[in-house]
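Take a look at the structure below.
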């Protein structure tokens, strides 16, 4: 009997028997390590600064086996995690005009892991174009701060 700890990745094993009459190998077996989500992170599209009032897509990425079954997005308000409607790896933020901390939770049958990101809305003064139509524009932008392991 052989006891091994299977790593997270697929592993292949075989048995080799050696005696005075020769060597014999068993057939190869594959052991598939199961584990909860890990290395969870949130990415943002588009990357870089965006104009206030634009949309952003947050994407939750996680390594798990079996694959992530449930994604839950939260917005953190006053140390409370408020669930959002999205149950997919993607969260689309429309018409961003305020800062916020967003948390992604990835879960499978072995456990869960979280990661989050802070969307910072920089408030800027309004300007006018100086044209006859006198259009007022907000020249604001959004920056992203990765706050890994910060979910409440």
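Numbering (this note's numbering), first residue to last: -11 to 140.
The C-beta atom is built at its ideal place from N, Cα and C for all residues, glycine as well.
CA-to-CA distance, residue 22 to residue 1, given in whole angstroms
For residue 1 and residue 22, the gap between their C-alpha atoms comes out near 17 Å.
Next item on the list: Closer than 8 Å by C-beta to residue 16: which residues in its own chain qualify, once you throw out the five before and the five after it? Chain order, please.
Entry: Counting only Cβ-Cβ distances below 8 Å, and skipping sequence neighbours, we find 0, 1, 2.
On the criterion of 16 or more Cβ atoms from any shown chain inside 10 Å, does residue 37 qualify as buried, or is it exposed? Classification of residue 37: exposed, given that the 10 Å Cβ count is below 16.
Only counting the same chain, and skipping five residues up and downstream in sequence, which positions put a Cβ closer than 8 Å to that of residue 31?
Result list for residue 31: 46, 47, 49, in chain order.
**Prompt:** Less than 6 Å between the CB of residue -1 and some heavy atom of the ligand MG, yes or no?
**Reply:** Questions concerning the ligand MG fall outside what the structure shown contains, since it holds no ligand whatsoever.
* Can you tell me the Cα-Cα spacing of residue 88 and residue 35, whole angstroms? -> The straight-line gap separating the alpha-carbon atoms of residue 88 and residue 35 is approximately 17 Å.
Buried versus exposed call for residue 28 [16 or more other C-beta atoms within 10 Å across all chains shown]: Residue 28 comes out buried.
(request) Identify every residue that forms a DSSP beta bridge with residue 63. (result) Among the bridge pairs identified by DSSP, residue 63 is matched with 70, 90.
Quiz prompt | C-beta neighbour in chain B for residue 60, strict 7 Å | solution = Among the chains in the structure shown there is no chain B, since it carries only a single protein chain.
Next on the checklist: Please tell me whether residue 63 and residue 56 are closer than 7 Å, where the distance is taken between their beta carbons.
Outcome noted: Not closer than 7 Å, so no.
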